[in-house]
Amino acid sequence: MSSSILRSRVVQKPYQLFHYYFLSEKTPNSTLADLSFETDISISIRKFKAHNWTINEILHYSFLSSIIFFVFIIFPASFLVKIPILAAFTLCFLLPLTSQFFVHALPIFTWLALFFSAAKIPTSWKPAISVKVLPAMETILYGDNLSNVLATVTTSFLDILAWLPYGILHFSAPFVLALFIFLFGPPTGLRSFGFAFGYMNLLGVLTQILFPAAAPWYKNLYGLEPANYSMQGSPGGLGRIDALLGFDMYTTAFSNSPLIFGAFPSLHSGCATMDVLFLCWLFPKYRVLWWGYATWLWWSTMYLTHHYFIDLIGGAVLSFVVFQYTRYNHLPVVDQKCFCRWSYIEVEKVNIASVDPLSSHFVSISDIESAIPSSSRFANYPYFLAQSNGTVVEDFEMSTISRSRQTSRTFLTSFNIAEQNAESVPSNSINHLVEEEEEDSSSLENSATPSVFEDEHHQISTTASQTSLEDLESTGSSAFDASKPKGYKSR
Amino acid sequence: MTIASSLNQILPQRFLGFIPLFIGVEVVLGITILNKAGGVYGILSIITGHPLNFWQWFYNILAIMTIPFYISALIHLKDKPRNARKLSLATVVYVIDTFVGFFYTIYFIYFWFSSEDVSEEDLGKRASSTNSQDLSAQSASLARELYVTASTTIVVSAVRFYFTLVILSFTKALLKQDASEQKYNERTRSPDEEDEEVISATTGIVGEWKKFVFDLEIKSKDFLVNFFK
Chain R
-11 MSSSILRSRV VQKPYQLFHY YFLSEKTPNS TLADLSFETD ISISIRKFKA HNWTINEILH
49 YSFLSSIIFF VFIIFPASFL VKIPILAAFT LCFLLPLTSQ FFVHALPIFT WLALFFSAAK
109 IPTSWKPAIS VKVLPAMETI LYGDNLSNVL ATVTTSFLDI LAWLPYGILH FSAPFVLALF
169 IFLFGPPTGL RSFGFAFGYM NLLGVLTQIL FPAAAPWYKN LYGLEPANYS MQGSPGGLGR
229 IDALLGFDMY TTAFSNSPLI FGAFPSLHSG CATMDVLFLC WLFPKYRVLW WGYATWLWWS
289 TMYLTHHYFI DLIGGAVLSF VVFQYTRYNH LPVVDQKCFC RWSYIEVEKV NIASVDPLSS
349 HFVSISDIES AIPSSSRFAN YPYFLAQSNG TVVEDFEMST ISRSRQTSRT FLTSFNIAEQ
409 NAESVPSNSI NHLVEEEEED SSSLENSATP SVFEDEHHQI STTASQTSLE DLESTGSSAF
469 DASKPKGYKS R
Chain H
5 MTIASSLNQI LPQRFLGFIP LFIGVEVVLG ITILNKAGGV YGILSIITGH PLNFWQWFYN
65 ILAIMTIPFY ISALIHLKDK PRNARKLSLA TVVYVIDTFV GFFYTIYFIY FWFSSEDVSE
125 EDLGKRASST NSQDLSAQSA SLARELYVTA STTIVVSAVR FYFTLVILSF TKALLKQDAS
185 EQKYNERTRS PDEEDEEVIS ATTGIVGEWK KFVFDLEIKS KDFLVNFFK
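Protein chains in written order, with my numbering: chain R, -11 to 479; chain H, 5 to 233.
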């Protein structure tokens, strides 16, 4: 029964396509990109016992579990309901099949648990609601109430334009992005996204609970009158969308929102900024487009009177700081030569010393923004000038040779063969060339290298590289006797 | 000279005491660019018709004008040897921005309490709304809101001052390194001169803008080199 389903065309065709585009990238012996399909709990328990706990991990898990415990206690349901739910969750953490996702999504689960039970926190525990602090701070820091500036004129066209990012993209983008990171990012990239996205939201919700403040719609409805926790929320400008579409999509949801006075920081802004930062990490070529999305969402948030500008900046700054932490501690480096998850044969993290411009270990990165075809660019590559005795060896097209790491390896070995044949090739400089090529990829910035979207090109260039490699091998040193310096980074 | 030497005493060597300075500068520039985006939204009042006075206009325009310099510095932060002059310009702009910002903060405090804030009526309303003692206790008192506003303003200003020190410290170290690299470099022309040649070859409005910015960058680099001497 099940085998006939597996053999059916509906399953086979997508699998073939998936295999053609993604799995075929895999190096035969590499298990880096593999997922675990084990369902034996004892594997997890053995791993757990053998694990060496770092201080950061202890802080991480004890912080998250104390919040989950808090939610577990305050949530007004019978323990007969709460305990089975907790047990089901625990099982997901123990099964290797599910735990490979659940463990790293723990910050996200914690945030969701805290957010949806925020309304159940006893009112007497909650701090007093600020009504005037946000508009006052906004005027003091930015000169005016920008939300008022933008919400002065409203039309149905602008309503729709504001609703798309705020009401639709905001909720769907993280899922799409997670899929992209899984498919096109380096292995373990998705974990970092779960960590950063979860912690950003969790810290945001904690701030919203500890510093309750009223949103611009409150000022429009009640002025600067005192607020209290018995008040209902408001959909703000999204009420107009409900009127336009003819059904209740937001009014009820926002009126009964768990965090009515959670204006600061804006997690709409936080999520959008986190999406954008990860998209810039994954597909840096389109970063103007990604930041365009963030500015669009910021506008819509103020237009719909859901947040003050200071809330947006609070969310964005929170996101940016959490991202920077993740980037230098957890996030693997995207290799622009690797097309997808299965192309990677090793995962590198950022080496802080090599990207610190003040450090003596700094490895210069080529600058693609301003392609200045001048010999000055070689100041960045001291190895070349120092060791090749004036013969510059970069006159072959890097782009036709290596687009994936695998081919760059074969490239290196075939070079060694070529070296033995032709002694005139300065061997040091070639090794350094390949080394630099790899070190270059450790930089997250400045990567206008071919995008992973161009998969057809990738296929072509891989096949093309075979011939050019053979050419290189047969012609020996003649290919490298370039007298005229040319741009090293010709990609 | 005296300013530079007394600055040396307080310039942080690491961001927040333990993070490499360049990460600090990334954070500072990133946060600053996000904040300056406020100018873009403020200026949209041309379309919406929300009234702005001259000083608010000026503030928004200044904010928009600084954005390109900060973005350029952030993009070229790790791009040697060009980062020395890019960061120099951003640092000069940042220091001026901090001073202008302090005056504006004082002006906007006055602006808020003189025109926007409705504390007198508000106070009356809060006093009269004693229908439910429990509910009014859930709202922050006027004194508390004032306290939070005032302390946040002070903290933000202090953070801003610290950020200025961080970017100054980083640029100082970068310029020092740049100077020593120039000394040991045997080439007759500096990278700046080579870039200048390329930039001066460009034409059109973009070319003029590039020349203008390059000029500013070199001027601020020279100024800072002299200042830190």
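Backbone N, C-alpha and C fix where the C-beta goes; we use that ideal spot for every residue, glycine too.
Note that the structure is a prediction, hence the values are computed from the model and not measured.
Exposed unless 16 or more other CB atoms sit within 10 angstroms - verdict on residue i
i              : result
residue 219(H) : exposed
residue 72(H)  : exposed
residue 196(H) : buried
residue 502(R) : Past the boundaries of the shown model lies residue 502(R); chain R is included only from -11 to 479, so the question cannot be answered.
residue 154(R) : buried
residue 32(R)  : buried
residue 150(R) : buried
residue 34(H)  : buried
residue 51(H)  : exposed
residue 171(H) : buried
residue 115(H) : buried
residue 271(R) : buried
residue 311(R) : buried
residue 276(R) : exposed
residue 69(H)  : exposed
residue 334(R) : exposed
residue 96(R)  : buried
residue 80(H)  : buried
residue 201(H) : exposed
residue 188(H) : exposed
residue 236(R) : exposed
residue 158(R) : buried
residue 429(R) : The predicted model places residue 429(R) with a pLDDT of 40, which falls under 50 and marks its position as unreliable, so this point remains unresolved.
residue 226(H) : exposed
Chain-ordered neighbours of residue i on chain R, where CB pairs are closer than 9 Å
i              : result
residue 178(H) : 345, 346
residue 12(H)  : Residues of chain R passing the Cβ test: none, with the nearest at roughly 16 Å.
Amino acids of chain H, ordered along the chain, whose beta-carbon sits closer than 7 Å to that of residue i
i              : result
residue 132(R) : 46, 56, 60
residue 138(R) : 45, 48, 52
residue 340(R) : 24
residue 289(R) : Chain H residues near residue 289(R): none, gap ~11 Å exceeds 7 Å.
residue 304(R) : 38
residue 141(R) : 52, 53
residue 42(R)  : Near residue 42(R) there are no residues of chain H at all, since even the closest Cβ is about 17 Å away, more than 7 Å.
Residues that residue i bridges to, as DSSP identifies them
i              : result
residue 337(R) : 320(R)
residue 203(H) : Answer by DSSP bridge pairing: none, since residue 203(H) is not bridged.
residue 19(H)  : 23(H)
residue 143(H) : 117(R)
Cβ-Cβ separation, residue j to residue i (assumed contact under 8 Å), whole Å
i              : j              : result
residue 257(R) : residue 286(R) : 6 Å
residue 127(R) : residue 133(R) : 6 Å
residue 205(R) : residue 293(R) : 4 Å
residue 148(H) : residue 102(H) : Going by Cβ atoms, the distance from residue 148(H) to residue 102(H) rounds to 29 Å, so no, they are not a contact pair.
residue 328(R) : residue 172(R) : 5 Å
residue 94(R)  : residue 52(R)  : 6 Å
residue 152(R) : residue 291(R) : That belief does not hold up - the Cβ atoms of residue 152(R) and residue 291(R) are roughly 12 Å apart, past 8 Å.
residue 266(R) : residue 197(R) : About 26 Å; that fails the 8 Å criterion.
residue 243(R) : residue 224(R) : That belief does not hold up - the Cβ atoms of residue 243(R) and residue 224(R) are roughly 11 Å apart, past 8 Å.
residue 55(R)  : residue 100(R) : That pair is no contact at about 11 Å.
residue 346(R) : residue 169(H) : Actually they are not in contact, since the Cβ atoms of residue 346(R) and residue 169(H) sit about 16 Å apart, beyond 8 Å.
residue 175(H) : residue 109(H) : The pair is not a contact, with the Cβ atoms about 24 Å apart (cut-off 8 Å).
Under 7 Å by beta carbon: chain R residues contacting residue i
i              : result
residue 34(H)  : 308
residue 116(H) : 124, 127, 128
residue 26(H)  : 344, 345, 346
residue 63(H)  : 131
Heavy atom of the ligand FMN within 7 Å of residue i beta-carbon
i              : result
residue 106(R) : Judged by which ligands are present, the structure shown has none, so any question about the ligand FMN falls away.
Contacts that residue i makes with chain H (C-beta to C-beta distance below 8 Å)
i              : result
residue 119(R) : 143, 144, 149
residue 297(R) : 42, 45
residue 116(R) : 141, 142, 143, 144, 145, 148
residue 316(R) : 27
Partners in chain H for residue i, counting only beta-carbon separations shorter than 9 Å
i              : result
residue 312(R) : 27, 30, 31, 34
Exercise for review: Give, in chain order, every unbroken run of the alpha helix (DSSP H) that is at least 4 residues long and sits entirely within the region 166 to 253 of chain R.
Suggested key: 177 to 198, 204 to 210, 226 to 233, 239 to 243
Check your understanding: Which residues, in chain order, does the region 38 to 58 of chain H contribute to contact with chain B at a C-beta distance below 8 Å?
Key -> Absent here is chain B; the protein component of the structure consists of chains R and H.
**Study point:** Whole alpha helix (DSSP H) elements within the region 4 to 73 of chain R, 4-residue minimum
**Key:** 29 to 38, 43 to 62
Review point. If you scan the region 41 to 117 of chain H from start to end, which runs of the alpha helix (DSSP H) of 4 or more residues do you find wholly inside it?
Key: Listed in chain order, the complete alpha helix (DSSP H) runs (minimum 4 residues) inside the region 41 to 117 of chain H are 49 to 52, 58 to 79, 87 to 115.
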